[in-house]
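Novice: One structure, pasted below without further comment.
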DNA sequence: CTCCTTATGAGAGTCAACTGTCATGAGGAA
DNA sequence: TTCCTCATGACAGTTGACTCTCATAAGGAG
């Protein structure tokens, strides 16, 4: 597995990931042939390092990833779960927006093969857990209720939710982000027993 | 457009849709070549009637579709928005579950080309509107709040949400459906000003 | 029963995701 | 420096989504 020629392999791998990252950053559609060409590697080799496009994209996007804790740094001191969830949601959605084409490609490559989807969730889970972890004051919320809240948020804090609003409902990106943040806030408040905001936007820390 | 040879065209079209429906019902992966073969039509002809696989699948799935009103028939008299939303959500999710492979194919074919996604939402919108329409007693909910609720639900009442929980969170289908119905209920209650259920399942009309 | 429109079929072509084979040459060990 | 292994490249192949072209024949109009 890691016997000889380690350096060579690491170099090759890095070149592939770097090329993919580059293309992803460019926002253009990313394909294996393109990545291989950009990395000056044969397509076959690319497939030797990554079983499929999705796993390559996953790693490339993960590279430009933020650390959940770091993402919530501005609210490090805040114990308000609602504010934390709002921030985490917005952060996640904007991250998706900046890597839109790559994320779409990942979903496309993943949706038809639910089997090997392992690994993809990381981002989502990390953020949700971070938002509802330690500093946050969850009151007397019991375990099952917390688990349910996390599932509620998992559905809402997602690229799929974002694309659903922009593609199907034809909402402009900003509007979609606002709407989803609002939804996440509503859910969090509801579970924590507070009264939801009825009309306009939420707390208002948006950007 | 509809000049000559109308019968022939209708027959051909029907054959294609019928074949697609048949395959969809079979639950297997549906491809253009397969549909064409099953319909005893050339692939080229299939593409003449449907610009892409997605639109064909859309129509095939729509064929086995339920009428929103009919879906909520059991609750025709009920004015409780929460119960109506719960029923609509469960109905939608089970429908997706029975056409899983076709729905996955539609999403895959649609996600990378947000441009021509027109037409797909129908189902979702119809159900949401039906659940929150006339018979339902929404209290003094104002227009903007209602619009937001619909967007909240649009994110939750979706195939994407379902697959997110089953694929990424690895929840068994039944559990995922239960969770999403719960989320939809929580949102509805929250917006209507009620207190959410904390721990276990919802009303209990599941199944 | 003609004749002309036009729906179809057949087939080639493109592109991308993969898979597999085989020969070569670069790295590392001795 | 030599030698052997194994990463890599070059290629061929498969499948599915589409696109295009061209010849044929089925339908309907007269």
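Chains as they are written, first to last, in the working numbering: chain A, 375 to 581; chain B, 375 to 581. C-beta atoms are modelled at their ideal positions from N, C-alpha and C, and glycine is treated no differently. In this text the structure is predicted, and so the values were computed from the model without any measurement.
Nearest to residue 465 of chain B by CA position, among B:432, B:504, B:488, B:453, is which residue?
Specialist: Of B:432, B:504, B:488, B:453, the residue nearest in Cα terms is B:504.
Novice: Comparing the C-beta of residue 561 of chain B with each C-beta of chain A, is any distance below 8 Å?
Specialist: Yes, residue 561 of chain B counts as interfacial toward chain A.
Novice: Tell me which residues share the same chain as residue 566 of chain B and place their Cβ nearer than 8 Å to its Cβ, disregarding the 5 neighbours each side in the sequence.
Specialist: Closer than 8 Å at Cβ, skipping near neighbours: 455, 456, 512, 513, 515.
Novice: For residue 364 of chain B, collect the residues of the same chain with a Cβ closer than 8 Å to its Cβ; drop the 5 residues on either side in sequence, then sort them by chain order.
Specialist: Absent from the model: residue 364 of chain B. The displayed extent of chain B is 375 to 581, so no value can be given.
Novice: Out of curiosity, what's the CA-to-CA distance linking residue 545 of chain B and residue 382 of chain B?
Specialist: Whole-angstrom Cα-Cα distance: 47 Å.
Novice: Report yes or no: do the region 397-407 of chain B and the region 556-566 of chain A share at least 3 C-beta pairs separated by less than 8 Å?
Specialist: These segments do not touch.
Novice: Step through the CB atoms of chain B and report whether any lies within less than 8 Å of the CB of residue 525 of chain A.
Specialist: Chain B, which has a Cβ nearer than 8 Å to the Cβ of residue 525 of chain A, makes this yes.
Novice: Could you pull the start and end residues of the alpha helix (DSSP H) that residue 472 of chain B belongs to?
Specialist: Taken as a continuous stretch (DSSP letters only), the alpha helix (DSSP H) holding residue 472 of chain B covers 455-472.
Novice: Where does residue 410 of chain B land, buried or exposed, given buried means 16+ other C-beta within 10 angstroms?
Specialist: Buried, since its Cβ has 16 or more Cβ neighbours within 10 Å.
Novice: Is residue 385 of chain A near the ligand NAD, going by C-beta to nearest heavy atom under 7 Å?
Specialist: Looking for the ligand NAD in the displayed structure turns up nothing, as the structure carries no ligands at all.
Novice: Please compile the residues from chain B whose C-beta is within a distance smaller than 7 Å of the C-beta of residue 478 of chain A.
Specialist: Those within 7 Å of residue 478 of chain A in chain B are 485, 486.
Novice: To be precise: take each residue of the region 388-411 of chain A, compare its Cβ to all Cβ atoms of chain B, and keep it if any distance is under 8 Å. Which residues remain?
Specialist: Cβ contacts with chain B: 403.
Novice: Using C-beta distances below 6 Å, list every residue in its chain close to residue 502 of chain B, excluding the 5 sequence neighbours before and after it, in chain order.
Specialist: Taken in chain order, the residues that qualify are 524, 527.
Novice: Have a look at residue 558 of chain B and residue 538 of chain B and give me their C-alpha separation to the nearest angstrom.
Specialist: The alpha-carbon atoms of residue 558 of chain B and residue 538 of chain B are separated by roughly 15 Å.
Novice: Which same chain residues end up closer than 6 Å to residue 535 of chain A when comparing Cβ atoms and leaving out the 5 residues on each side of it in sequence?
Specialist: Cβ within range, chain order: 554.
Novice: Return the Cβ separation of residue 482 of chain A and residue 485 of chain B in integer angstroms, given the expectation that the two are a contact with Cβ distance under 8 Å.
Specialist: About 5 Å separates the two Cβ atoms, so the contact holds.
Novice: For residue 520 of chain A, name the three-state secondary structure that DSSP assigns.
Specialist: Residue 520 of chain A falls in the helix class under three-state DSSP.
Novice: In this structure, does DSSP put residue 440 of chain B in helix, strand or coil?
Specialist: Three-state result, residue 440 of chain B: coil.
Novice: Among residues of its own chain, excluding the 5 on either side of residue 389 of chain A, which ones have a beta-carbon nearer than 8 Å to its beta-carbon?
Specialist: Only 413, 414, 415 meet the Cβ criterion.
Novice: Take residue 400 of chain A as the anchor and find which of A:532, A:498, A:435 has the nearest alpha-carbon.
Specialist: Closest by alpha carbon: A:435.
Novice: Is it the case that the Cβ atoms of residue 473 of chain A and residue 391 of chain A are separated by a distance below 8 Å?
Specialist: In this structure, residue 391 of chain A does not lie closer than 8 Å to residue 473 of chain A by Cβ.
Novice: Using 8 Å as the threshold, is the C-beta distance between residue 509 of chain A and residue 451 of chain A below it?
Specialist: In contact: residue 509 of chain A and residue 451 of chain A (Cβ atoms closer than 8 Å).
Novice: Check whether chain B comes within 8 Å of residue 532 of chain A, counting only Cβ atoms and requiring the distance to be less than that.
Specialist: Interface residue, yes.
Novice: Among residues of its own chain, excluding the 5 on either side of residue 421 of chain A, which ones have a beta-carbon nearer than 8 Å to its beta-carbon?
Specialist: Closer than 8 Å at the Cβ level, and outside the excluded window around residue 421 of chain A, lie 406.
Novice: Residues of chain A with a CB under 9 Å from the CB of residue 449 of chain B: which are they?
Specialist: The premise fails here: residue 449 of chain B is roughly 23 Å from chain A at the closest Cβ pair, so nothing lies under 9 Å.
Novice: Considering only residues of the same chain and omitting the five flanking positions on each side of residue 394 of chain B, which have a CB-CB separation below 6 Å?
Specialist: Excluding residues within five positions, the ones whose Cβ falls inside 6 Å are 409, 430, 434.
Novice: In chain A, which residues lie less than 8 Å from residue 424 of chain B when you measure between Cβ atoms?
Specialist: Neighbours of residue 424 of chain B on chain A: none; closest Cβ ~19 Å, over 8 Å.
Novice: Which of the three DSSP states, helix, strand or coil, is assigned to residue 405 of chain A?
Specialist: Of the three classes helix, strand and coil, the one that applies to residue 405 of chain A here is coil, per DSSP.
Novice: Residue 386 of chain A and residue 419 of chain A: beta carbons closer than 8 Å?
Specialist: Result yes, Cβ atoms of residue 386 of chain A and residue 419 of chain A sit closer than 8 Å.
Novice: At least one CB of chain B closer than 8 Å to the CB of residue 540 of chain A: is that the case?
Specialist: Closer than 8 Å: yes.
Novice: Measure from the alpha carbon of residue 470 of chain B to the alpha carbon of each residue in B:540, B:533, B:548, B:380, then state which is nearest.
Specialist: Here the closest residue by C-alpha is B:533.
Novice: Consider the Cβ of residue 505 of chain A: report whether some Cβ of chain B lies at a distance smaller than 8 Å.
Specialist: No, because no Cβ of chain B sits closer than 8 Å to the Cβ of residue 505 of chain A.
Novice: Looking at the unbroken alpha helix (DSSP H) that takes in residue 540 of chain A, where does it start and where does it end?
Specialist: Note, residue 540 of chain A: premise wrong, no alpha helix (DSSP H); not H, not E.
Novice: Below 7 Å on C-beta distance, what does residue 482 of chain A contact in chain B?
Specialist: Here the neighbours are 482, 485, 486.
Novice: So which residues on chain B does residue 460 of chain A lean against when the C-beta distance must stay under 9 Å?
Specialist: By Cβ distance, chain B contributes nothing, its closest Cβ being about 15 Å from residue 460 of chain A, past 9 Å.
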